[in-house]
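Here the sequence shown stands for residues 1 to 628, where the numbers follow UniProt numbering.
First up is the structure itself, then whatever we jot down about it.
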Amino acid sequence: MSADMLWPAARSPQDITAIEDVPLERRGLPACTYDIVLRAGRLWPDRTAVTVLPDGIDYARSSRRTFGELAADVTRAAKALRHCGISRRDAVLLISPNCDELITATLAAQAAGIAEPINGSLSGDHVAELARLSGARVLITADPELDPAGMERAADLAGAGMIDTVLLLRPTPADGTPGPLPDLPGVTVAYLSVLAAEHDAEPLDGGQAESADLAALFHTGGTTGTPKLAAHTHGNEVADAWMVAVSADLDEDAVVFAALPLFHVNALIVTLLAPLLRGQPVVWAGPLGYRDVGLYQNFWKIVEHYRLAAMSAVPTVYAVLARIPVDADISSLSSAVSGASALPDTVRQDFRDATGVSLVEGYGLTEATCASARSFPEHPRPGSVGQRMPYQKVRTVEVGDDGAWRDLSSGQVGTLAIGGPTVFPGYVTARTDDGYVLDGRDALRESWLDTGDLARVDDDGFIYLAGIAKDLIIRGGHNIDPVLIEDALLAHPDVTAAAAVARPDVHSGEVPVGFVTVRPGATVTGDGLTAFVGERISERAATPKTVTIIDAIPMTDVGKPHKVPLRATAAQHALTDALADQPGVLQIVGQVSAGGPVVVLTLGQAADRTAVERVVKSFAVNYEIHQQ
Numbered sequence: 001m002s003a004d005m006l007w008p009a010a011r012s013p014q015d016i017t018a019i020e021d022v023p024l025e026r027r028g029l030p031a032c033t034y035d036i037v038l039r040a041g042r043l044w045p046d047r048t049a050v051t052v053l054p055d056g057i058d059y060a061r062s063s064r065r066t067f068g069e070l071a072a073d074v075t076r077a078a079k080a081l082r083h084c085g086i087s088r089r090d091a092v093l094l095i096s097p098n099c100d101e102l103i104t105a106t107l108a109a110q111a112a113g114i115a116e117p118i119n120g121s122l123s124g125d126h127v128a129e130l131a132r133l134s135g136a137r138v139l140i141t142a143d144p145e146l147d148p149a150g151m152e153r154a155a156d157l158a159g160a161g162m163i164d165t166v167l168l169l170r171p172t173p174a175d176g177t178p179g180p181l182p183d184l185p186g187v188t189v190a191y192l193s194v195l196a197a198e199h200d201a202e203p204l205d206g207g208q209a210e211s212a213d214l215a216a217l218f219h220t221g222g223t224t225g226t227p228k229l230a231a232h233t234h235g236n237e238v239a240d241a242w243m244v245a246v247s248a249d250l251d252e253d254a255v256v257f258a259a260l261p262l263f264h265v266n267a268l269i270v271t272l273l274a275p276l277l278r279g280q281p282v283v284w285a286g287p288l289g290y291r292d293v294g295l296y297q298n299f300w301k302i303v304e305h306y307r308l309a310a311m312s313a314v315p316t317v318y319a320v321l322a323r324i325p326v327d328a329d330i331s332s333l334s335s336a337v338s339g340a341s342a343l344p345d346t347v348r349q350d351f352r353d354a355t356g357v358s359l360v361e362g363y364g365l366t367e368a369t370c371a372s373a374r375s376f377p378e379h380p381r382p383g384s385v386g387q388r389m390p391y392q393k394v395r396t397v398e399v400g401d402d403g404a405w406r407d408l409s410s411g412q413v414g415t416l417a418i419g420g421p422t423v424f425p426g427y428v429t430a431r432t433d434d435g436y437v438l439d440g441r442d443a444l445r446e447s448w449l450d451t452g453d454l455a456r457v458d459d460d461g462f463i464y465l466a467g468i469a470k471d472l473i474i475r476g477g478h479n480i481d482p483v484l485i486e487d488a489l490l491a492h493p494d495v496t497a498a499a500a501v502a503r504p505d506v507h508s509g510e511v512p513v514g515f516v517t518v519r520p521g522a523t524v525t526g527d528g529l530t531a532f533v534g535e536r537i538s539e540r541a542a543t544p545k546t547v548t549i550i551d552a553i554p555m556t557d558v559g560k561p562h563k564v565p566l567r568a569t570a571a572q573h574a575l576t577d578a579l580a581d582q583p584g585v586l587q588i589v590g591q592v593s594a595g596g597p598v599v600v601l602t603l604g605q606a607a608d609r610t611a612v613e614r615v616v617k618s619f620a621v622n623y624e625i626h627q628q
């Protein structure tokens, strides 16, 4: 397969037509993620593949492996998993902070069976439910030196009779011999690296995955909502990784920086599989990722030391970096991708002013594997999250009361639907001897994915989000299901109705807030309800910042709760607080326009419009400013 066939030009919005003139099946993509690993090992055996930092302070003391070494390590680890009884239809739980060995373990789990990466900060009940859904019997987790919580999780799952094997990962770099194995009655406990060393590096013989086989199960539905496992096929992940690699328009020498956790689809697709396909080195942050204070202190020095060319993060990370003086040569940095939540204009401008690098906004969701749209800094479309990825189809539809879809014209706001090779096959509902039972749960319709997002799409395939129909709250890149907050509010005897929505926030992008109605004569206050809910929600991120008592929850014409007006009110409250000390602001009103929330500000003649607008632009909110 020629390089031109595998890597067509994708430098402008017009290139998508030429790309799609060639059917995707003729591009010569690998059949599975293990084939991506083996291919990289063959093509670039001596080139550095992964460099892993211990932390942000000691960034020069890293662990490095070549593509050839990575392929060998993944193969040995996959054989060790097979020795533990993992077959093509078995899931492997992975609960660990990022480290060198987790990269190997994640790829090996997909090579031998199905990877199920889980956020270790989820509640114990949430983790147990995800493990029950998958039926996984093998857990890969951190050893006590890397993260003491690893064995605590293992003990909980073992005590519930849910696992029979625990494989431990060591910190990066792993100095000396492993420590003594923790004791877990009735469960086999071993170091993954020790077991893997007992096997050779010859490619797996038999049982390799095909494109339609499952590669991973990713938890979704919110960090505190009802647990759901979204299934990815190998075809999903290979196709999306290739689309990301093509759209990035970076050559093989470009060094990519990764710091998002590997339970996040962005980490797997954008900063692991895509660079593996392209032969690009990746520098991984330590176990704390973007939560490492030392990483921010030395970030620009890290860019210079490793000649980083590309990075991927959430808007809050870029907001922090924009305030850190550039104290090193960062001329190598040319691509910075922002996703997971809306990108405020101020963050975009501040980062460009500080670094000279334009942020590349993207759009995606777990149910479409990861990335579905990307923007072009040299060809801006203001207000857009980007153009659809090659071979992905997008449409907007009106969903009738009977559930029927009616296609909308270009530019009309409706529910965004995605089709193509990255659309997931469904959520796990059960496991049988023949594998997993999957169900779209109303998200899938004839191979199209209902994203739950409101948007309009122009004639060139650029997507303009107009709201979140499914009402998830995205706090710092983490999804929060509002149902959990609403259920906690409704548990109060004075509350008669409740709705939780997102309030724009400078630091986190969004924070949850609650709106309630109360029974006549009730004396409970908003602050009292905030405290009440805080005691009943185990995840701090989901505790509402405020609870506001209102006369009635807005309803649609068919009697369903209508949250867009509440989101407009929440945005009004956010800007009112932010502009409290700004003279000349006469009125701030949140309202609904074109199906989404907008805040209208009225300024007096003496008001400093530039200063007001700068504050407003620090929030991801639609607004209008009128000055008398």
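Glycine included, C-beta positions come from ideal geometry on N, C-alpha and C.
Write down the C-beta distance between residue i and residue j rounded to the nearest angstrom, noting that I regard them as a contact closer than 8 Å.
{"i": "E101", "j": "R170", "result": "6 Å"}
{"i": "S62", "j": "L53", "result": "5 Å"}
{"i": "G420", "j": "L438", "result": "18 Å between Cβ atoms; not a contact."}
{"i": "L472", "j": "D481", "result": "7 Å"}
Which of the three DSSP states is assigned to residue i in this structure?
{"i": "R381", "result": "coil"}
{"i": "T223", "result": "Legend: pLDDT at T223 = 37, less than 50; position of this residue unreliable, no value from coordinates given."}
{"i": "Q387", "result": "strand"}
{"i": "I330", "result": "coil"}
{"i": "V558", "result": "Confidence in V558 is poor, its pLDDT being 39 and thus under 50, which makes the residue's placement unreliable; the coordinate value appears in the next sentence. Reduced to three states, the DSSP call for V558 is coil."}
{"i": "V320", "result": "helix"}
{"i": "V598", "result": "strand"}
{"i": "H264", "result": "coil"}
{"i": "D55", "result": "coil"}
{"i": "L102", "result": "helix"}
{"i": "F67", "result": "helix"}
{"i": "E367", "result": "helix"}
{"i": "Q587", "result": "strand"}
{"i": "I463", "result": "strand"}
{"i": "G289", "result": "helix"}
{"i": "P520", "result": "coil"}
{"i": "W7", "result": "coil"}
{"i": "P275", "result": "helix"}
{"i": "E398", "result": "strand"}
{"i": "V303", "result": "helix"}
{"i": "L295", "result": "helix"}
{"i": "G124", "result": "helix"}
If you follow the beta strand (DSSP E) that residue i is in, where does it begin and where does it stop?
{"i": "E116", "result": "114–117"}
{"i": "F257", "result": "255–258"}
{"i": "D450", "result": "448–457"}
{"i": "A417", "result": "414–419"}
{"i": "V283", "result": "282–284"}
{"i": "G435", "result": "435–439"}
{"i": "R406", "result": "405–407"}
{"i": "L24", "result": "First-last for L24: undefined, no H or E at that position."}
Can you check which of these residues, the options, is closest to residue i by C-alpha distance?
{"i": "D175", "options": "R76, V246, E145", "result": "E145"}
{"i": "K393", "options": "A9, E20, P8", "result": "E20"}
{"i": "S593", "options": "L566, Q605, Q587", "result": "L566"}
{"i": "C32", "options": "D213, A78, A190", "result": "D213"}
{"i": "D249", "options": "T233, L229, A274", "result": "A274"}
{"i": "V265", "options": "A310, D345, V194, T369", "result": "T369"}
{"i": "L365", "options": "N479, V50, A322, P380", "result": "N479"}
{"i": "S334", "options": "V283, V255, T543, H305", "result": "V255"}
{"i": "V589", "options": "G595, D581, V599, L359", "result": "V599"}
{"i": "R47", "options": "D402, D329, R278", "result": "R278"}
{"i": "Y306", "options": "R291, D292, W284", "result": "W284"}
{"i": "Q297", "options": "V320, R153, M555", "result": "V320"}
{"i": "I95", "options": "P315, V326, E116", "result": "E116"}
{"i": "V615", "options": "D407, Y623, P597, A578", "result": "A578"}
{"i": "L416", "options": "Y391, F462, E378", "result": "F462"}
State the start and end residues of the unbroken alpha helix (DSSP H) segment that holds residue i.
{"i": "W242", "result": "234–248"}
{"i": "A430", "result": "Counting along the chain, A430 falls outside any alpha helix (DSSP H), though it belongs to the beta strand (DSSP E) covering 426–432."}
{"i": "T33", "result": "33–43"}
{"i": "A568", "result": "564–578"}
{"i": "A606", "result": "Segment: none, A606 is in no alpha helix (DSSP H) and carries neither H nor E."}
{"i": "Q14", "result": "Counting along the chain, Q14 falls outside any alpha helix (DSSP H), and DSSP gives it neither H nor E."}
Between residue i and the ligand GTP, is there a pair consisting of the residue's CB and a ligand heavy atom that are separated by less than 8 Å?
{"i": "A502", "result": "Ligands are entirely absent from the displayed structure, and the ligand GTP is therefore not among its contents."}
Checklist line | 3 or more residues per run - each beta strand (DSSP E) lying fully within the segment 129–207 | finding: Whole beta strand (DSSP E) segments, 3+ residues: 138–142, 165–169, 188–191.
Next item on the list: Starting from the N-terminal side, write out each stretch of the beta strand (DSSP E) that is 3 residues or longer and does not extend beyond the segment 477–506.
Entry: Entirely contained in the segment 477–506, the beta strand (DSSP E) runs reaching 3 residues are, in chain order, 478–480, 495–505.
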